[in-house]
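Read the structure below first, then the notes.
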Amino acid sequence: MRTTRRALAAVVGATALLVTSACGPGEDDTAASTVEVFTWWAGGGEKAGLDALAGLFTESCPGQRFESGVVPGGAGVDAKQVLAARLQHNDAPDTFQVHAGAELLDHIDADQVRDLSAEYRTWGLRDALPAGLVADLTVNDRIYSVPAGVHRANVVWTNDQVLADAGILVAPKTLKEFIGNLERLRRSGVESPLALGRDWTQLMLLESVLISDLGPKRFSGLFTGTTKWDSRAVELAIEDYARIVEFSNTDRDSLDWPEATRLLIDGKAGYQLMGDWVTAEMAANTFSGYDSFTFPGNGMAFQWLADSFVLTTGAANPEGARCWLETVASPRGQQAFSVRKGSIPARTDAPTDGFTDYQLEAVADWRSGTPVPSCAHGSACSQPWQNAANAALGAFSTSGDATALRSALAAAAKQFIRQP
Ligand code: GAL
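Per mature numbering (1 follows the signal peptide of the UniProt record, and there is no 0): the sequence shown = residues -24 to -1, 1 to 396.
Set out below in structure tokens:
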């Protein structure tokens, strides 16, 4: 292990930086070259997906040893701070997890990641990935990351028993119906009908409300500059959002997403808006009494995000990192990862054996739906923009000041938007 990594973890005050390798105790790994893979996947389905890739990597890349540099915390909010500090101190891991889309741009500008166009050609990846995703991954005719899988963000998860006890048997189709059901749950004695977590999960909820109120096209325009944040339409959406937050647990700011999901599993809430990685969490808790529906009013919008991996310019073992990326990109790698993680393969030709009914539906929806990007998960927003939006949502959660929220979001857009 590089000593600087330990020192840095202490400097940035990370909750934990766990470095583990695929070699067992007592195994002689001195002959192997190490590939450090940096992620925020420390537990549950997230770790299971990573472990599956690590296993395949060990099989497919002889002489290479997997080393997991992991900083826990949903959506990578803590991991990304540690990563930024490490990159700044020339202590790059060989590869790191990053969302496809806008989140990658700052890393490209800072020359922290390598162009993978040649690898894409050798591995036939341009033809295996959907054209839209390739376009989103391409920057100035180059391509810098390999997607492991695609997730959908705008999904509501239910506790069917809690809903049935309140006489709710049908999924709401509109925001108005959704709010009506939240009121009904509360009247029936469920104190916090909507399970909600900290800042970035609140941003996800706001984004879903914005998709309903603005429609997919105007929503996407919020991140390209064609839709104004300081408009009456956004103001009304924030009012709807504020109304919905009133039905959530008051300790929301101290919960990460699995803890909010726990409220749902334990029957303390009837609904949770969360990305479809939740399915792996439900499975890990052997909870099957749930259902899901697209956020009311979102229509065919498929709010996507893609976890992808890069080859860093500072990689100590670029050859090993390339073999990691090839494993991630392979049809088998994509199936093995998604089946445990709850995502769907980014490749269109990956096998889907072992997939749940939900995942098979998501595969179909990804083909037929209207793709919209996510700010909370980096497909729409750069990292500094995400930080500013998360801070604005966290402040609103305490103050309830809708005007301040709208001004802060408008200011963040003004500061961080990139002109094409
Ligand atoms: C997302 C990530 C997902 C999942 C989620 C919760 O940003 O893309 O794979 O890990 O965070 O941590």
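Even glycine gets a Cβ: it sits at the ideal position worked out from N, Cα and C.
Simplified DSSP assignment, three categories, for residue i
{"i": "GLY376", "result": "coil"}
{"i": "GLN88", "result": "coil"}
{"i": "PRO349", "result": "strand"}
{"i": "ALA326", "result": "coil"}
{"i": "ALA171", "result": "strand"}
{"i": "PRO1", "result": "Here the model assigns PRO1 a pLDDT of 41, short of 50, so the residue's position is not dependable and the matter cannot be decided."}
{"i": "VAL146", "result": "coil"}
{"i": "PHE313", "result": "helix"}
{"i": "THR(-22)", "result": "Here the model assigns THR(-22) a pLDDT of 31, short of 50, so the residue's position is not dependable and the matter cannot be decided."}
{"i": "SER383", "result": "helix"}
{"i": "THR6", "result": "Note on THR6: pLDDT 48, under 50, position unreliable in the model; the coordinate value appears next. The answer is coil: DSSP assigns THR6 none of H, G, I, E or B."}
{"i": "residue 430", "result": "No answer is possible for residue 430: it lies beyond the span of the chain, which begins at -24 and ends at 396."}
{"i": "VAL74", "result": "strand"}
First and last residue of the uninterrupted alpha helix (DSSP H) at residue i
{"i": "PHE33", "result": "20 to 36"}
{"i": "TRP300", "result": "294 to 305"}
{"i": "VAL110", "result": "107 to 113"}
{"i": "SER93", "result": "93 to 98"}
{"i": "SER230", "result": "From DSSP, SER230 is part of no alpha helix (DSSP H); its letter is neither H nor E."}
{"i": "ASP117", "result": "Here ASP117 belongs to no alpha helix (DSSP H), and DSSP marks it neither H nor E."}
{"i": "LEU80", "result": "Premise fails: LEU80 is in no alpha helix (DSSP H) and is neither H nor E."}
Within 7 angstroms, strictly: CB atoms of residue i and residue j
{"i": "SER188", "j": "GLY125", "result": "no"}
{"i": "ALA68", "j": "GLY370", "result": "no"}
{"i": "PRO169", "j": "GLY246", "result": "yes"}
{"i": "ALA142", "j": "LEU161", "result": "yes"}
{"i": "VAL131", "j": "SER224", "result": "no"}
{"i": "ALA312", "j": "LEU109", "result": "no"}
{"i": "GLY296", "j": "VAL11", "result": "yes"}
{"i": "THR262", "j": "TYR334", "result": "no"}
{"i": "ALA338", "j": "CYS351", "result": "no"}
{"i": "PRO349", "j": "GLY77", "result": "yes"}
{"i": "ARG316", "j": "ALA18", "result": "no"}
{"i": "residue 464", "j": "ILE214", "result": "Outside the modelled stretch of the chain, which goes from -24 to 396, sits residue 464, for which no answer is possible."}
{"i": "VAL122", "j": "PHE285", "result": "yes"}
{"i": "VAL58", "j": "VAL47", "result": "yes"}
{"i": "ILE393", "j": "GLY165", "result": "no"}
Whole-number beta carbon distance between residue j and residue i, since they are thought to touch under 8 angstroms
{"i": "ALA129", "j": "LEU281", "result": "6 angstroms"}
{"i": "MET250", "j": "TRP133", "result": "6 angstroms"}
{"i": "PHE278", "j": "THR346", "result": "6 angstroms"}
{"i": "GLY21", "j": "GLY318", "result": "5 angstroms"}
{"i": "CYS37", "j": "THR303", "result": "7 angstroms"}
{"i": "TYR217", "j": "LEU182", "result": "5 angstroms"}
{"i": "GLU95", "j": "LEU301", "result": "7 angstroms"}
{"i": "THR226", "j": "GLU257", "result": "Not a contact, Cβ separation roughly 22 angstroms."}
Boundaries of the beta strand (DSSP E) in which residue i is found, first to last residue
{"i": "ALA124", "result": "122 to 128"}
{"i": "SER355", "result": "Run containing SER355: none; DSSP gives neither H nor E here."}
{"i": "ARG394", "result": "Segment: none, ARG394 is in no beta strand (DSSP E) and carries neither H nor E."}
{"i": "residue 397", "result": "This structure gives no information on residue 397, because the portion of the chain shown stretches from -24 to 396."}
{"i": "residue 460", "result": "What the structure shows of the chain is the stretch from -24 to 396, and residue 460 is not part of that stretch, so it cannot be assessed."}
{"i": "VAL132", "result": "131 to 134"}
C-beta neighbour in chain B for residue i, strict 7 angstroms
{"i": "ALA24", "result": "Absent from the structure: chain B. Only one protein chain is present."}
(message) Please give the ranges of any alpha helix (DSSP H) in the segment 238 to 276, keeping only runs that are unbroken, at least 4 residues long and fully inside the region.
(response) DSSP assignment within the segment 238 to 276 yields the following whole alpha helix (DSSP H) runs of 4 residues or more, N-terminal first: 254 to 260.
(request) Quick one: which unbroken alpha helix (DSSP H) runs of 4-plus residues sit fully inside the segment 154 to 210? Chain order, please. (result) Runs of alpha helix (DSSP H) with 4 or more residues, each lying fully within the segment 154 to 210, are found at 175 to 197, listed in chain order.
(request) With a floor of 4 residues, list each alpha helix (DSSP H) that falls wholly inside the segment 48 to 72, ordered by position along the chain. (result) Inside the segment 48 to 72, DSSP marks whole alpha helix (DSSP H) runs of 4 or more residues at positions 55 to 64, from first to last along the chain.
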